[in-house]
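Residues 3 to 423 in this note's numbering are what the sequence shown spells out, letter by letter.
Cβ coordinates follow ideal geometry from the N, Cα and C atoms, glycine included.
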Amino acid sequence: MRTFLLLLPVALLACGTPAPTYHQDVRPILEGRCVNCHTAGGVGPFVLDSYAATKTMGPALVDSTQKGRMPPWLATANDVGGYLRDPSLTPAQKDVIKKWVEGGMPEGDAKKPTPPLADVAAGLPQVDLTLKMPEPYTPQTLPDDYRCFVLRWPMTTPTYVTGVNGVPGNSKIVHHVALYLIDGEAAKYPPMWDAEDATPGYQCFGGPFGTRPQQFPVKLLTAWLPGYQGQTFPRGGGVLIPPGSTVVLQMHYSSLEAAPLADQTAMEFSLAPTVSRRVAYQPFLKFDWVAGQMEIPANASEVVHEHRADPRPNFGLLGSPLDTTKGFTIEAIMFHMHTLGRRGEVWIHKADKTKKKILEIPRWDFHWQQEYQLAEAVRFEPGDELRMKCVFDNSKPTSKTTNWGENSEEEMCVANLLSSE
Ligand code: HEC
C-alpha cells in the first residue's frame with residue numbers, strides 16, 4: 003500500500019493528466035531555493051512564501067527559472083564536474099514550475115506539504131568571531147551605494163578563517179558584500195580613508211581603494227550574498243589572517259525596492275589555529291591592463307580582452323602568501339568585472355595540449371558576484387597556462403571610451419583564484 007501511494011503521483015504525472023500542485027510539487031522547490039530571499043524583509047522584491055503570493059507571480063516564475071535568472075547563479079557547466087553548493091534548478095524542477103503554471107496553478111493539499119529541498123549550503127560549523135560595522139550607515143546615493151567599512155581584526159596570533167557568513171542589518175537594502183584583507187604596512191590606510199570621510203565608512207566601488215588609484219595588492223577574502231547561508235572554504239582550507247590586519251567590508255546597497263534605511267551589517271567567521279591546507283585568493287589578470295592597456299572604445303558592443311599565461315610570476319608580485327613554485331591547486335573562482343561586462347571564461351591549458359573549462363559566465367551581472375567552488379579542484383603544473391576572456395558591451399548612446407580602473411565608469415577583468423599549494 004505504502005509503495006503504491008508513493009508511486010501514484012509519478013504515474014499520474016507521466017500520463018500528463020493532473021498538473022503539479024503548489025503544496026506537493028512547487029512549494030518544496032521554492033522553499034529550498036527561493037524563499038530564503040523572497041520572504042518578508044528579505045532581499046527579493048516580492049514574497050514567494052504562500053500559495054496566494056506565489057500564484058500572483060506564476061508566469062514570471064516560469065520565465066525567470068527557464069532562462070536561468072533565478073536563483074541567482076551566473077556560472078554554467080564547466081569541464082571539472084560542476085560546482086559545490088550549486089543552487090540552480092534541474093531541468094525537471096524547472097519543468098514542474100512550468101507545468102504547474104500551464105495547469106492553472108492548483109493548490110493541492112495544504113495538510114500534506116512535501117518537505118522542502120535541502121539547502122545547498124550547510125552554513126558555518128561554528129561562529130568563533132563576529133565583526134560588525136562600527137556604526138549604522140544609511141545609503142546616500144540612489145539607487146546604488148557602494149561603501150567600504152573598516153573592521154579591525156582583533157586576533158593577536160596568526161589565525162585561519164575557515165568559513166564566513168553575513169548577518170545583514172537590513173536585508174531590504176543589502177545587495178551584496180565583499181570582504182578584503184589588507185595586511186602588513188598597508189593595513190593602516192583604510193582607517194585613514196575612513197577618518198577623512200565625515201560619514202561612516204568611505205565610498206568605494208571596484209575594490210577597497212575608494213576613489214584612489216590602486217596602490218598596493220588587494221587580497222580578496224570572500225564574497226557573500228544575502229539570503230544564502232555562510233559557507234566554509236572547500237575541502238577544509240583556511241585563509242591565514244596575520245595579527246594587525248584590516249578587513250574591509252565592501253557593501254553594495256540597493257534602494258530600488260525600499261527607501262534608504264539604516265544598516266549595520268555584521269560578518270561571522272569560523273576560525274582555526276591550524277588547517278590541513280592553507281588557501282588564499284590569487285588574482286589572475288594581465289599587468290598591461292592595469293597599466294592602462296585595456297581600452298574599451300565608446301559605441302562598441304563586443305569588446306574582447308583575453309589573456310593567456312602562467313600566472314605564478316604575478317602572484318608573488320601581488321602579495322600571495324603561497325609557495326607556487328611546484329604548481330598550485332585551484333579550489334574556487336570569483337570572477338570580477340564591472341557593469342559593462344557581459345561574458346567571462348576561465349580555462350586551463352595543460353602542457354600536454356589538453357584544455358579544460360573551469361568557469362563560464364554567459365550572462366555577467368555585476369549584482370550577483372559570488373564564489374564558485376569547484377567540485378573537482380584543478381591542479382596547475384609548471385608548463386601549464388591559464389586563459390581568461392572578458393567581453394564588454396560599451397554601446398549605450400552615452401558611452402565613453404574607458405579603461406581599467408577602480409571606479410564605476412571604469413572596468414576590470416580579474417579571475418580571483420582561491421588556491422592551495
Ligand atoms: C539570493 C537571493 C535570491 C534568491 C535565492 C532568489 N531570488 Fe529571485 N530575486 C532576488 C532579487 C534581489 C531580485 C530583484 C531583481 C534582481 O536583482 O535580479 C529577484 C527577482 C526575481 C524575479 C523578477 C526578476 C527576474 O529576473 O525574473 C523573479 C520572477 C524571481 N526573483 C523568482 C525567483 C525564484 C523562482 C527563485 C527560486 C528558484 C528565486 N527568485 C531565488 C533575489 C533572490
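| query | result |
| --- | --- |
| Cβ of Pro73 within 7 Å of any heavy atom in the ligand HEC? | yes |
| Anyone know if the C-beta pair for His340 and Met414 falls short of 8 Å? | yes |
| Looking at C-alpha atoms only, which residue of Tyr374, Glu362, Gln295 is the closest neighbour of Glu333? | Tyr374 |
| Using a threshold of 7 Å, is the CB atom of Asn316 nearer than that to any non-hydrogen atom of the ligand HEC? | no |
| Kindly provide the ranges of any alpha helix (DSSP H) runs that are 4 or more residues long and lie completely inside the segment 167 to 240, ordered along the chain. | 191 to 198 |
| In terms of alpha-carbon separation, which member of Leu251, Phe286, Ala274, Gly208 lies closest to Glu408? | Gly208 |
| Helix, strand or coil, according to DSSP, for Gln95 in the structure here? | helix |
| Counting Cβ pairs, one atom from each stretch, are 3 or more of them under 8 Å apart for the segment 177 to 186 and the segment 221 to 235? | yes |
| Which of the three DSSP states, helix, strand or coil, is assigned to Gln266? | coil |
| Taking Cβ positions, are Thr234 and Thr164 nearer each other than 8 Å? | yes |
| Under 8 Å, do Lys100 and Ala21 count as touching if we go by C-beta distance? | no |
| What's the gap between the Cα of Gln299 and the Cα of Asn396? | The amino acid at residue 299 is misidentified as Gln; the sequence shows Pro. Each residue's alpha carbon lies about 7 Å from the other. |
| What are the complete alpha helix (DSSP H) segments, minimum 4 residues, inside the segment 86 to 139? | 93 to 104 |
| So what does Ile31 bridge to, in DSSP terms? | Beta-bridge pairing links Ile31 to no other residue. |
| For the ligand HEC, is there any heavy atom lying closer than 7 Å to the beta carbon of Gly229? | yes |
| Between the C-alpha atoms of Leu320 and Asp367, what's the straight-line distance to the nearest angstrom? | 26 Å |
| For Trp349, which residues does DSSP report across the bridge? | Lys359, Arg389 |
| Once the 5 residues before and after Leu153 are set aside, which same chain residues still bring their CB inside 6 Å of it? | Leu133, Val249, Leu251 |
| State yes or no: is the C-beta of His351 within less than 8 Å of the C-beta of Lys357? | yes |
| Pull up the distance between the alpha-carbon of Ser272 and that of Arg149, whole angstroms please. | 25 Å |
| Quickly, what does DSSP pair His40 with across the bridge? List them, please. | Note: His40 sits in no beta bridge, so no partner. |
| Relative to the alpha-carbon of Arg29, which residue among Lys114, Val292, Arg365 has its alpha-carbon at the smallest distance? | Lys114 |
| Nearest-angstrom Cα distance between Arg4 and His338? | Because Arg4 sits at a pLDDT of 41, beneath the cut-off of 50, its placement in the model cannot be relied upon, and the following sentence gives the value as read from the coordinates. If you take the alpha carbons of Arg4 and His338, they lie about 51 Å apart. |
| Grouping DSSP H, G and I as helix and E and B as strand, with all else coil, what is Trp155? | coil |
| Does the distance from the CB of Pro424 to the CB of Asp265 come in under 8 Å? | Residue coverage of the chain in this structure runs from 3 to 423, which leaves residue 424 outside it and unanswerable. |
| Determine the contact status of Leu86 and Ala377, defining contact as a CB-CB distance below 8 Å. | yes |
| Using 8 Å as the Cβ pair cut-off and three pairs as the minimum, do the segment 384 to 402 and the segment 302 to 316 touch? | yes |
| Quick one: what does DSSP say Val416 is sitting in, helix, strand or coil? | strand |
| Residue range of the alpha helix (DSSP H) that Phe289 falls in? | 289 to 292 |
| Cβ of Asn380 within 8 Å of Cβ of Thr331? | A small fix is needed here, since residue 380 is Val in this sequence, not Asn. The answer is yes: Cβ separation under 8 Å. |
| Are there any heavy atoms of the ligand HEC lying less than 7 Å away from the beta-carbon of Asp2, as far as the coordinates show? | Because the chain here runs from 3 to 423, residue 2 falls outside it and cannot be looked at. |
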